[in-house]
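The structure under discussion appears below in the form of structure tokens.
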Amino acid sequence: MSVPIVDNAKVMAKGQITLPKDIRSKLRLSTGDRVTLICEEDRVILMNSAVYAMKMLQKEMEGEAEKTGIRSDEDVMDLVKDVRAEIEGL
Numbered sequence: 002m003s004v005p006i007v008d009n010a011k012v013m014a015k016g017q018i019t020l021p022k023d024i025r026s027k028l029r030l031s032t033g034d035r036v037t038l039i040c041e042e043d044r045v046i047l048m049n050s051a052v053y054a055m056k057m058l059q060k061e062m063e064g065e066a067e068k069t070g071i072r073s074d075e076d077v078m079d080l081v082k083d084v085r086a087e088i089e090g091l
């Protein structure tokens, strides 16, 4: 289990804060990156927006592969071969 990073940031006049370097590094944030804020009761979760979007996509897609009959890596490879053959046949 990882050790949480606890730090503080001051809210400026326009509501802006500067994220501490350790937190930016942990979230792999660079200048211009977007963050997602999730407010739950009395706390805010801040996530790298790209990571948040991928987690939401994974959640939405959960179980979809099984519905189409994809249950193994071999099934995925077979599907890729079929699609490539279809594309080459066009």
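In the working numbering, the protein residues as written are 2 to 91. The C-beta atom is built at its ideal place from N, Cα and C for all residues, glycine as well.
Length of the line joining the Cα atoms of residue i and residue j
i: arginine 72; j: leucine 80; result: 11 Å
i: methionine 57; j: threonine 32; result: 24 Å
i: serine 50; j: glycine 64; result: 24 Å
i: glycine 70; j: aspartate 8; result: 47 Å
i: valine 36; j: leucine 91; result: 42 Å
i: glutamate 42; j: arginine 29; result: 26 Å
i: alanine 86; j: glutamate 75; result: 16 Å
i: valine 4; j: glutamate 61; result: 30 Å
Residue i beta carbon near the ligand PLP (any heavy atom closer than 7 Å)
i: valine 4; result: The ligand PLP is not part of the structure shown, which contains no ligands of any sort.
Nearest residue (CA-CA) to residue i, options the options
i: alanine 10; options: Val4, Lys22, Met2, Glu42; result: Lys22
Residues sharing a beta bridge with residue i, DSSP
i: glutamate 87; result: Looking at the DSSP assignment, glutamate 87 forms no beta bridge with any residue, so it has no partner.
i: isoleucine 39; result: Ile46
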